[in-house]
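Asks: Chains as they are written, first to last, in the numbering used here: chain A, 75 to 379; chain B, 39 to 329.
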Amino acid sequence: MRNKLKAGSVLLVTLLLFAVGTHIYSNENMWFQGMVYLALAQGINILYGFTGYLPFGYVGFFGTGAYAASLYMTDFHTQPIVAILGGGATALIVGLLLSPLLRLSGAYFSIGSLAASQMIYYTVSNPALQAVTNGPYGMNLEAFYNPTASYAVMLVILALTLFTTAYLRYSRTGLALRATREDAVSAAMAGIPVVRMRIMAWLLSALIAGLVGGTFAWHISVFYPNTVFDLNVSIFAIVFTLFGGGASLLGPIIGMFVLYGLYNWIGISAPQYFQLIYGVLIVMLVLFLPNGIMSLFRKKGYDVP
Amino acid sequence: MVAYTILSGLLFGLYFSLMAIGLNLIFGVMRMVNLAHGDFIMLGAFAAFFAYTLWNMNPLVTMLVVFFLFIILGGALYYLVVPRLLRAHDPEMLSLILFFGLSQIIQALAVIAFGNNQRSIDYTALGSGTVYLFGQGFEESWVVVASVSLLAIILVSIYLYVTKLGVATRAVMSHREEAASAGISVHRVSAYAMGIGLALAAIAGVFSPFMIGSIDPTMGTDLTTTSFAIIIIGSLGNPIGTIVGGMIYGLSLMYMESYQPSWSSLVPYLLLFIILLLKPSGLLGRRMRNA
């Protein structure tokens, strides 16, 4: 009961902040991208935090969702919301096709997923496919542009994502996932279907990235392949999760607010200095605090949601 | 056309082997994934650029200077981070993240120091003539770079198989604990491996303006994945297998550039992906990794 209360209040405060945020500080784009990164960071969290698989190529699902949703809108003239669901479904299918990657472990998985994402990128942006994807010249959704509706849809997707993480944080399913991360053999002997659980987490994170990508495409309305397949998207989401600490609901939220805040403060005017701070932060975290900021509180005996 | 494609594939294959061999040496000895590998290549490339434009220094001389500088740098980097990292719960995964952070630092510092512009070196710096091999004409700089790469790979093999330190290095590669209990100083061997690995990356960087094209501070990321593709094709942890990987990569890249140029940027990722899924231990790999 107390757990539910804590997770619920974290969820509610975060969503409320994004719901009224634009009235506090009127840069709507900043709030929207904050939601995008938070949802992606939670997607990384579901996979990396709970199963230990770190997908460097996570942005591949984001880009797939963005492109698929845009193509459904421009070529098949579907409603944006249906197109976004289609984008999520497409990312899910790509995730299913790429699920053999889970046979690899550790670094091999990370590099393999990076290779997969670059393959999707170079295929989508290839001038030879200009008739289908418009090659390197990007997509234009201005006819569907509706910032208020896309903001609301993003908020709903964020709510669902946060709810899923909260569920995994406190449910037996989440506990089983964490058991496979700590020791796959023992987990299997305890009756946990290791492979099925991992694939479930992988597909869940792919679906989230696909939905987020589709909504992002709708909101931004004009974009290029290197916008939605930018490796920095993966990197941001990974660092937010690492900073706060994986396998928790609050970790990625704290990571997003602190680091994305820092990014908006200095990162936009001087990206290289921001990249430097990021790099130093990552190195320091790995050397001194490999389980993120939240592990400090756990050590003190607080149960972090 | 076919002969030209094959021969240029082999020339580039030698160069790509040199580019990736350092990464494989570091992985083999330390089981650590150096995601900043491409950024050390980038640093070598900028060293060649500034040495040439400021002092008109021949890249071959720059190569020697850079080699010794990066051995020292690599040794220092080893003692700074690796012993601490090895005590962690999951060193392999954490090393991936740590070197990724290092890669971000190097890229950021390079942008601050050199600016974001693309640079290139006058390609005649390594000779301007045409060399004929089996009736096909090639740029002299390609042949020079391929020969130097071959020499470097032979020297690495001599180091690993003949010298005392090299034999100790191979012992650490095959079994870390047993090597340590046989009295080998694992830290000293690993520090040398790190130094030599980074130095090989940097000298590959010195030649990159002649083989890959214009240079910029963010070129490292792609080169890291290319190097990874090469060592995974060859086999991880086996430096000599890198040559096989480099050749296969060079040949398939040249084939695609001759016949399907718009798809050629897909080659390293496609090869990496296929090999990872079909034979994760690499073409020359002996044991399965815990995949």
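No residue lacks a Cβ here, since even glycine has one placed at the ideal position from N, Cα and C.
1. Since Glu-256 (chain A) is in the alpha helix (DSSP H), which residue starts that stretch and which ends it?
2. Compute the distance between the beta-carbons of Gly-283 (chain B) and Met-80 (chain B), then report whether it is under 8 Å.
3. So, is the C-beta of Met-193 (chain A) closer than 8 Å to a C-beta in chain B?
4. Taking three-plus beta-carbon pairs below 8 Å as touching, is the region 70-77 of chain B in contact with the region 288-297 of chain B?
5. Answer yes if the region 221-231 of chain A comes into contact with the region 305-316 of chain A, meaning at least three C-beta pairs across the two stretches below 8 Å, and no otherwise.
6. According to DSSP, is Asn-62 (chain B) part of a helix, a strand, or is it coil?
7. Say whether the region 178-185 of chain A touches the region 323-331 of chain A, bearing in mind that this needs 3 or more beta-carbon pairs closer than 8 Å, one atom from each stretch.
8. Can you have a look at Gln-156 (chain B) and say buried or exposed, based on whether 16 or more other CB atoms are within 10 angstroms of its CB?
9. What's the call for Arg-76 (chain A), buried or exposed, on a 16-neighbour Cβ count within 10 Å?
10. Checking contacts by CB at 8 Å: is Thr-315 (chain A) closer than that to chain B?
11. Go ahead and pull the three-state DSSP assignment for Gly-287 (chain A).
12. When burial is assigned at 16 or more other CB atoms within 10 Å of the CB, is Met-232 (chain B) buried or exposed?
13. Below 7 Å between beta carbons is the criterion; list the residues of the region 162-193 of chain A that meet it against any residue of chain B, in chain order.
14. Roughly how many whole angstroms lie between the Cα atoms of Leu-175 (chain A) and Ser-187 (chain A)?
15. Looking at Val-302 (chain A): is its Cβ nearer than 8 Å to the Cβ of Val-110 (chain A)?
16. Using the Cα positions of Ser-46 (chain B) and Phe-136 (chain A), report the straight-line distance between them to the nearest angstrom.
17. Would you report the Cα separation of Thr-43 (chain B) and Gln-298 (chain B), rounded to the nearest angstrom?
18. Considering Val-119 (chain B), what are the terminal residues of the alpha helix (DSSP H) in which it resides?
19. Starting from Ser-303 (chain B), find everything on chain A with Cβ-Cβ shorter than 7 Å and list it in chain order.
20. Run through chain B and tell me which residues come within less than 7 Å of Gly-329 (chain A), C-beta to C-beta.
21. For Ser-228 (chain B), which of B:Ala-126, B:Leu-316 and B:Pro-121 has the nearest alpha-carbon?
22. Any C-beta of chain A sitting closer than 8 Å to the C-beta of Thr-263 (chain B)?
23. So, is Ile-59 (chain B) buried or exposed, given that buried needs 16 or more other C-beta atoms within 10 angstroms?
24. For Leu-166 (chain A), which residues does DSSP report across the bridge?
25. Could you give the C-beta distance for Gly-366 (chain A) and Gly-320 (chain A), rounded to a whole number, given that I count them as a contact under 8 Å?
26. List, in order along the chain, the chain B residues whose C-beta lies closer than 9 Å to that of Ile-356 (chain A)?
27. Taking Cβ positions, are Gly-318 (chain A) and Phe-124 (chain A) nearer each other than 8 Å?
28. Which chain B residues sit within Cβ distance under 7 Å of Gln-382 (chain A)?
29. Please classify Gln-298 (chain B): does DSSP put it in a helix, a strand, or coil?
30. Tell me the DSSP secondary structure of Asn-103 (chain A) in three-state form.
31. Would you say Arg-325 (chain B) lies against chain A (beta-carbon separation less than 8 Å)?
32. Taking the alpha-carbon of Val-169 (chain B) as reference, which of B:Ser-158, B:Ile-159, B:Thr-162 and B:Val-181 has the nearest alpha-carbon?
33. Taking Gly-335 (chain A) as the reference, which of A:Gly-82, A:Gly-131 and A:Leu-112 has the closest Cα?
34. With DSSP collapsed to three states, give me the class of Gln-116 (chain A).
35. Just the Cα atoms here: how many angstroms apart are Thr-100 (chain B) and Ala-240 (chain B)?
36. Would you report the Cα separation of Ile-273 (chain A) and Pro-129 (chain A), rounded to the nearest angstrom?
Replies: Taking the definition as stated:
1. 246-256
2. no
3. yes
4. no
5. no
6. helix
7. no
8. exposed
9. exposed
10. no
11. helix
12. buried
13. Pro-174, Arg-177, Leu-178, Ser-179, Gly-180, Ala-181, Tyr-182, Ser-184, Ile-185, Gly-186, Leu-188, Ala-189, Ala-190, Gln-192 and Met-193
14. 7 Å
15. no
16. 38 Å
17. 13 Å
18. 97-124
19. Tyr-196
20. Those do not exist, as Gly-329 (chain A) stays about 14 Å from chain B at its closest Cβ, beyond 7 Å.
21. B:Pro-121
22. yes
23. buried
24. Answer by DSSP bridge pairing: none, since Leu-166 (chain A) is not bridged.
25. 7 Å
26. Ile-135, Leu-136, Phe-138, Gly-139, Leu-140, Gln-142 and Ile-143
27. no
28. With chain A running from 75 to 379 in the structure shown, residue 382 (chain A) is simply not present.
29. coil
30. helix
31. Summary for Arg-325 (chain B): the model assigns pLDDT 49, below 50, so the residue's position carries little reliability; its value from the coordinates is reported in the next sentence. With 8 Å as the cut-off, Arg-325 (chain B) does not count as an interface residue toward chain A.
32. B:Val-181
33. A:Leu-112
34. helix
35. 10 Å
36. 13 Å
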